[in-house]
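J.: Numbering (the working numbering), first residue to last: 5 to 295. All C-beta atoms in this analysis are idealised placements derived from N, C-alpha and C, irrespective of residue type, glycine included. Quantities reported herein were computed from a predicted structural model and do not represent experimental measurements.
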């Protein structure tokens, strides 16, 4: 197996061009250095040095040298990052679904720091499906996702509901007040980002006997643009999202709350600590929902 020590021996010998000096540089004696070099050459299946001309790199050795230097530099940088993270306290990697309004994003990200649990927070915004995959793979510690979703073995806190607003073009009548509706599609994000939550949303709209048509948008800003242009309606939990020519009303007929929950992986070694942080985030969401 190729190890960091193999690369250290190779680079030291390439730069010192002397077995004794290279051994001293890496802190070993000459015999284990020679043994390490032979193992490296056997692993790679090539000769790295021409011993007939002192200690000279072969063509294969010259090709390997810049890669070996970069690998050692990268490993050194990773150790420095790890040391900084350890000195600064546990770093929390948090994922947030794009439907989470800015006010909630700030409150959730700040909660662990204010509680003294973490001094460093990394925040990633990504679709629910991506967040679930990242938590399961260990790339994220926690994520706030849309509910419902297939958790696939992940643990989850209770579902917290947030009110939403229906944004429509000024003067638009969707039939909610008993008038003759003008049929406009509902702006939605791609279904594959959160299939179960998307289907629940559409099914809830259809439950009142309304014909439901959708238009896919990349984000809520794109949806707002369509609303302002008189081409769609949009349901959002963002209390501040509006524009000239856009009317806002509470989405109550039918109710279309944004359902959020916190997920984490209970199989991780630090699962108990992560679960405590998750509960802190759930409590933060609940307080924000009650405002």
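DSSP beta-bridge partners for residue 126?
T.: Beta-bridge pairing links residue 126 to 97.
J.: Just the Cα atoms here: how many angstroms apart are residue 223 and residue 119?
T.: Cα-Cα distance, rounded: 32 angstroms.
J.: How close, in whole Å, do the beta carbons of residue 249 and residue 232 come, if the pair is a contact with beta carbons under 8 angstroms?
T.: Rounded, the Cβ-Cβ distance is 5 angstroms, consistent with contact.
J.: Rounded to the nearest angstrom, what separates residue 154 and residue 279 at their Cα positions?
T.: If you take the alpha carbons of residue 154 and residue 279, they lie about 19 angstroms apart.
J.: Counting C-beta neighbours from all protein chains within 10 Å, is the total for residue 151 16 or more, i.e. buried, or is it exposed?
T.: Under this definition residue 151 is a buried residue.
J.: With the cut-off set at 8 angstroms, would you say residue 105 and residue 198 are in Cβ contact?
T.: Result no, Cβ atoms of residue 105 and residue 198 do not sit closer than 8 angstroms.
J.: Let me check understanding here. Comparing Cα to Cα, which of 28, 68, 100, 75 lies closest to residue 285?
T.: Checked all of 28, 68, 100, 75; the closest Cα to residue 285 is 100.
J.: Between the alpha carbons of residue 202 and residue 76, how many angstroms are there, rounded?
T.: Approximately 47 angstroms, taken between the alpha carbons.
J.: Decide if residue 182 is buried, meaning its Cβ has at least 16 other Cβ atoms within 10 Å, or exposed.
T.: For residue 182, the predicted structure reports a pLDDT of 44, less than 50, and the residue's modelled location is therefore unreliable. A value from the coordinates is still provided. With fewer than 16 other Cβ atoms within 10 Å, it is exposed.
J.: Specify, as a first and last residue, the run of the beta strand (DSSP E) that residue 172 falls within.
T.: Its beta strand (DSSP E) spans residues 169–173.
J.: In three-state terms, what does DSSP make of residue 238?
T.: Correct three-state label for residue 238: strand.
J.: So, do the segment 8–18 and the segment 40–47 have three or more beta carbon pairs nearer to each other than 8 angstroms?
T.: Segments in contact, yes.
J.: Do you know how far the Cα of residue 274 is from the Cα of residue 257?
T.: C-alpha separation (whole angstroms): 44 angstroms.
J.: For residue 150, write down the residues that DSSP places opposite it in a beta bridge.
T.: Looking at the DSSP assignment, residue 150 forms a beta bridge with 264.
J.: Let me check one thing: in DSSP terms, what residues is residue 251 bridge-paired to?
T.: For residue 251, which the question treats as bridged, DSSP gives the partners 172.
J.: Return the Cβ separation of residue 168 and residue 240 in integer angstroms, given the expectation that the two are a contact with Cβ distance under 8 angstroms.
T.: Indeed, because the Cβ distance is near 6 angstroms, the residues count as touching under 8 angstroms.
J.: Nearest to residue 6 by alpha carbon, out of 32, 30, 48, 17?
T.: The option with the nearest alpha carbon to residue 6 is 48.
J.: So, are the CB atoms of residue 125 and residue 133 less than 8 angstroms apart?
T.: Not in contact: residue 125 and residue 133 (Cβ atoms no closer than 8 angstroms).
J.: Does residue 54 pass the burial test, meaning 16 or more other C-beta atoms within 10 Å, or should it be called exposed?
T.: That one is exposed.
J.: Under the rule that 16 or more other beta-carbon atoms within 10 Å means buried, what is residue 26, buried or exposed?
T.: The residue is buried, with at least 16 neighbouring Cβ atoms inside 10 Å.
J.: At which residues does the alpha helix (DSSP H) containing residue 191 begin and terminate?
T.: Premise fails: residue 191 lies in the beta strand (DSSP E), 190–192, not in any alpha helix (DSSP H).
J.: Which residue marks the beginning of the beta strand (DSSP E) containing residue 165, and which one marks its end?
T.: Note, residue 165: beta strand (DSSP E), 164–166.
J.: Answer yes or no: the CB of residue 21 versus the heavy atoms of the ligand ATP, is any distance below 7 angstroms?
T.: This structure lacks the ligand ATP, and indeed carries no ligand of any kind.
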